[in-house]
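Structure first, then comments.
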Amino acid sequence: GGGFAGPGGPPRPGAGRPSGQRRPPRRGARRRRRRDRDELQPQATAYTPSDAPVPSETVVIERGVSAQEFGPKLNRTSADVVRFLLNHGEMITATMTLADEQMELFALEVGADILLVEPGQEEEMQLQSLFDDSDDEDEELQAARPPVITVMGHVDHGKTTLLDRVRSANVVSGEAGGITQHIGAYQVDRDGQEITFIDTPGHAAFTQMRARGAEATDIVVLVVAADDGVMPQTIEAINHARSADVPIVVAVNKMDRDNADPQRVLTELAAQQLVPESWGGDTIVVEMSAVNGEGVDDLLDQLLVVAELEELTANPSGRAKGIVLEANLDVGRGPVATVLVDKGELHPGDPIVAGAAWGRVRAMFDSNGDPVKVAGPSTPVQVLGLQSVPQAGDEFRVAPDEKVARAVGESREFRLRQRNQRGDARVKTGVKLEDIFNQIQAGERAALNLILKADVQGSLEAVTESLRKLERDEVELTFVHRAVGGITENDISLAATTNATILGFNVRPDRKARTLAESENVEIRTYEVIYKLLEDIEQAMLGMLAPEFEEVVTGEAEVREIFRVPRIGAIAGCYVRSGVITRGSKVRFLRDGTIIWKGAINSLRRFKEDAREVREGFECGIGLSDFQDLKPGDLIETYDEQEIART
Numbered sequence: 006g007g008g009f010a011g012p013g014g015p016p017r018p019g020a021g022r023p024s025g026q027r028r029p030p031r032r033g034a035r036r037r038r039r040r041d042r043d044e045l046q047p048q049a050t051a052y053t054p055s056d057a058p059v060p061s062e063t064v065v066i067e068r069g070v071s072a073q074e075f076g077p078k079l080n081r082t083s084a085d086v087v088r089f090l091l092n093h094g095e096m097i098t099a100t101m102t103l104a105d106e107q108m109e110l111f112a113l114e115v116g117a118d119i120l121l122v123e124p125g126q127e128e129e130m131q132l133q134s135l136f137d138d139s140d141d142e143d144e145e146l147q148a149a150r151p152p153v154i155t156v157m158g159h160v161d162h163g164k165t166t167l168l169d170r171v172r173s174a175n176v177v178s179g180e181a182g183g184i185t186q187h188i189g190a191y192q193v194d195r196d197g198q199e200i201t202f203i204d205t206p207g208h209a210a211f212t213q214m215r216a217r218g219a220e221a222t223d224i225v226v227l228v229v230a231a232d233d234g235v236m237p238q239t240i241e242a243i244n245h246a247r248s249a250d251v252p253i254v255v256a257v258n259k260m261d262r263d264n265a266d267p268q269r270v271l272t273e274l275a276a277q278q279l280v281p282e283s284w285g286g287d288t289i290v291v292e293m294s295a296v297n298g299e300g301v302d303d304l305l306d307q308l309l310v311v312a313e314l315e316e317l318t319a320n321p322s323g324r325a326k327g328i329v330l331e332a333n334l335d336v337g338r339g340p341v342a343t344v345l346v347d348k349g350e351l352h353p354g355d356p357i358v359a360g361a362a363w364g365r366v367r368a369m370f371d372s373n374g375d376p377v378k379v380a381g382p383s384t385p386v387q388v389l390g391l392q393s394v395p396q397a398g399d400e401f402r403v404a405p406d407e408k409v410a411r412a413v414g415e416s417r418e419f420r421l422r423q424r425n426q427r428g429d430a431r432v433k434t435g436v437k438l439e440d441i442f443n444q445i446q447a448g449e450r451a452a453l454n455l456i457l458k459a460d461v462q463g464s465l466e467a468v469t470e471s472l473r474k475l476e477r478d479e480v481e482l483t484f485v486h487r488a489v490g491g492i493t494e495n496d497i498s499l500a501a502t503t504n505a506t507i508l509g510f511n512v513r514p515d516r517k518a519r520t521l522a523e524s525e526n527v528e529i530r531t532y533e534v535i536y537k538l539l540e541d542i543e544q545a546m547l548g549m550l551a552p553e554f555e556e557v558v559t560g561e562a563e564v565r566e567i568f569r570v571p572r573i574g575a576i577a578g579c580y581v582r583s584g585v586i587t588r589g590s591k592v593r594f595l596r597d598g599t600i601i602w603k604g605a606i607n608s609l610r611r612f613k614e615d616a617r618e619v620r621e622g623f624e625c626g627i628g629l630s631d632f633q634d635l636k637p638g639d640l641i642e643t644y645d646e647q648e649i650a651r652t
């Protein structure tokens, strides 16, 4: 019963073996299979680039791209890039981000010239090509323009008082703590010649705003108090002016003071390489008093002399471009941007793009609030008509048409949104402000998540930069969200999700946001002076948080109508929406969540009778101590301050 392979064939190996028993494998077959398998293993072949020619011009490449995105720009595949880098010992895949050196090495290998730029810049360069700048530098089209003067100096040395004297308008008294917190731009006339002034805040936190002022300026007026001398921010201002290569004119202010010592000031200036003309140097120094006006005319004349020597020109025709000095959201007028025209002419109706904001100029106003029909080089104007709030420091340009303005603005906005989303994804679980010290003491690294809201873009940047400087090894600060405008319910929801603390600078939460914050146990802290905000955060890190006083809103009324009464002024006809409005109580005015005034109620009337208080659901007339700029739709809040017990 032997098995056969076929008729006349040799017996099959294993034939006749009982079923279920398998033949033991032979060692030779196992070796053959292993050899076959080894031959199939991929080998790193020598790198040979494709034959397609690389681009002859410089190729712009954004940092952070993968081989999939990088290869095709040089007429190569991602496989070409990966193979080359593998042969050079770099473990890389087609979707991994390439380092600068890896891209430069590959470009060198294939003979391509590349320019590495930050993310978004490649597209930005393409967008800039949509604007025609061919006439900007044409010497035949250049004409003289007014000088742009930036006033700089140490806090409280009298910069704003000087501008106040020059403009003869009171802009000082309303600033919190006497500190100017927003850039103002004004134009004055001196014997038929225009001079543009930019006022920059003196506090160290506003360095960025001041640096932008230096970038947009022709001459810096350095204000130094005769009784105080050269201070840290004076030196900082000197450095800004030097880095911008801008001439400096020194105004030695407060010469009316008994302890004024101008010689000491000159000595300290000379130590900073600002040698006055009277000492054989080339720095113009004017002794003056902004309070009584002494020396102010001399300063203006000296500025015009320096401006003449600088031979300031610009092309006054064609489409305007310039810089955004400040921007904010106004409840009645929408986004408002203060811009300084650098060249060309800006008109109402022009399609405009400023950073990621775009629109058509609806109206323009000068520093006195008067309408402007045309703004030429060196002219500061407030612009209405943008779709969103641009950032201070953004370049603004008039586009060929609204379609281009929209395309450029929306492209930039999309990139910003992508960047912000990437930032949000990295947010860690944060701790409350009062718990930071406990976490540090436990040897852990505390993560403080912040949502920052401010009234204008310049303040937002200044507060952000100051907070970043407070960051220590033990405390990591993360900005979950930063924006201009009042504190909203969306901010509360985001804070609850990320366990963030909300900081408001010159803004307040509305009633709905306050209610939601209480139910979600979200901490909101509001400030009007930057020193206090920074002090609180620093004290929290040291575990010495001062007692917190909560502003408890006692009443809220909506302004329905404005009455002008002779010898009394404006009376607000109001409807009390909640709580009780009491005569003499602390009060603040809010417009779109932003504080526009704080003070006290001067008079409270119900019909024609004086009233001590008016309750919810009733109408009343409210007169204020010294605020007249009332508008229907404004909110009036009365409040008390109560200390909060720490838990």
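Read in order, the letters of the sequence shown are residues 6 to 652 in the numbering used here.
Note that beta-carbon positions come from the ideal geometry of N, C-alpha and C, so glycine has one too.
- Sixteen is the threshold: when 16 or more other Cβ atoms of the shown chains lie within 10 Å of the Cβ of His-486, as they do, the residue is buried.
- Taking the Cα of Val-65 as reference, the smallest distance to any Cα among Val-122, Gln-107, His-93 and Ser-83 is reached at Val-122.
- Note that the C-beta distance between Asp-639 and Ala-575 is not below 9 Å.
- No Cβ-Cβ contact shorter than 9 Å links Leu-305 with Val-394.
- Counting along the chain, Leu-91 sits inside no beta strand (DSSP E); it lies in the alpha helix (DSSP H) bounded by residues 83-92.
- When the beta-carbon positions are compared, Val-257 and Val-291 come within less than 9 Å of each other.
- For Met-108, the enclosing alpha helix (DSSP H) has its first and last residue at 105-115.
- Taking one beta carbon from each stretch, the region 462-469 and the region 507-516 have 3 or more pairs nearer than 8 Å; the two touch.
- Per DSSP, the unbroken alpha helix (DSSP H) holding Arg-473 starts and ends at 462-475.
- With distances taken between CA atoms, Ile-224 lies nearest to Ala-242 out of Ile-497, Ala-242 and Gln-238.
- With at least 16 other beta carbons inside 10 angstroms of its own, Arg-588 counts as buried.
- In this structure, Ala-359 keeps its C-beta atom at 9 Å or more from the C-beta atom of Asp-406.
- Assignment of Gln-73 by DSSP, reduced to helix, strand and coil, places it in the helix class.
- Taken atom to atom, the span from the alpha-carbon of Ala-410 to that of Gly-364 is near 7 Å.
- Put simply, the region 57-72 touches the region 110-118. At least three CB pairs are less than 8 Å apart.
- Per DSSP, reduced to three states, the secondary structure at Leu-279 is coil, with no helix or strand assignment.
- Contact check for Glu-646 against Lys-603 fails: the beta carbons are separated by 9 Å or more.
- CA-CA distance, Gly-560 to Ile-641, rounds to 8 Å.
- Non-local beta-carbon contacts of Ile-601 in its own chain, meaning distances under 8 Å to residues more than five positions away in sequence, involve Phe-594, Leu-595, Asp-634 and Asp-639 in chain order.
- In the pairwise beta carbon analysis, the region 148-156 is classified as touching the region 376-392: at least three pairs are separated by under 8 Å.
- DSSP, read as helix, strand or coil, puts Pro-571 in coil.
- Partner residues in the beta bridge of Arg-620, as assigned by DSSP, are Val-585.
- A residue is called buried when at least 16 other Cβ atoms come within 10 angstroms of its Cβ; Asp-597 meets this threshold and is buried.
- With 16 or more other Cβ atoms from the protein chains shown falling within 10 Å of its own Cβ, Gln-238 counts as buried.
- When only Cα atoms are considered, Tyr-644 and Glu-563 end up about 15 Å apart.
- In the same chain as Ile-328, and ignoring 5 residues on each side of it, the C-beta atoms closer than 8 Å to its own belong to Arg-217, Glu-220, Ala-221, Val-344, Leu-345, Asp-347, Gly-398, Asp-399, Glu-400 and Phe-401, in chain order.
- Contact check for Ser-471 against Ile-529 fails: the beta carbons are separated by 9 Å or more.
- With a threshold of 16 other beta carbon atoms within 10 Å, Ala-325 meets it and is buried.
- Where Ser-608 is concerned, the enclosing beta strand (DSSP E) starts and stops at 599-611.
- Between the alpha carbons of Val-296 and Leu-168 lies a gap of roughly 11 Å.
- Contact check between the region 491-501 and the region 517-531: three or more CB pairs, one atom from each, fall below 8 Å, which counts as touching.
- If you look at Leu-305, you'll find it in the alpha helix (DSSP H) that goes 301-315.
- The beta-bridge partner set that DSSP reports for Arg-262 is empty.
- Per DSSP, the continuous beta strand (DSSP E) segment holding Val-403 begins and ends at 400-403.
- In this chain, the alpha helix (DSSP H) harbouring Leu-167 covers 164-172.
- Arg-610 is positioned such that its CB atom lies no closer than 9 Å to that of Gly-584.
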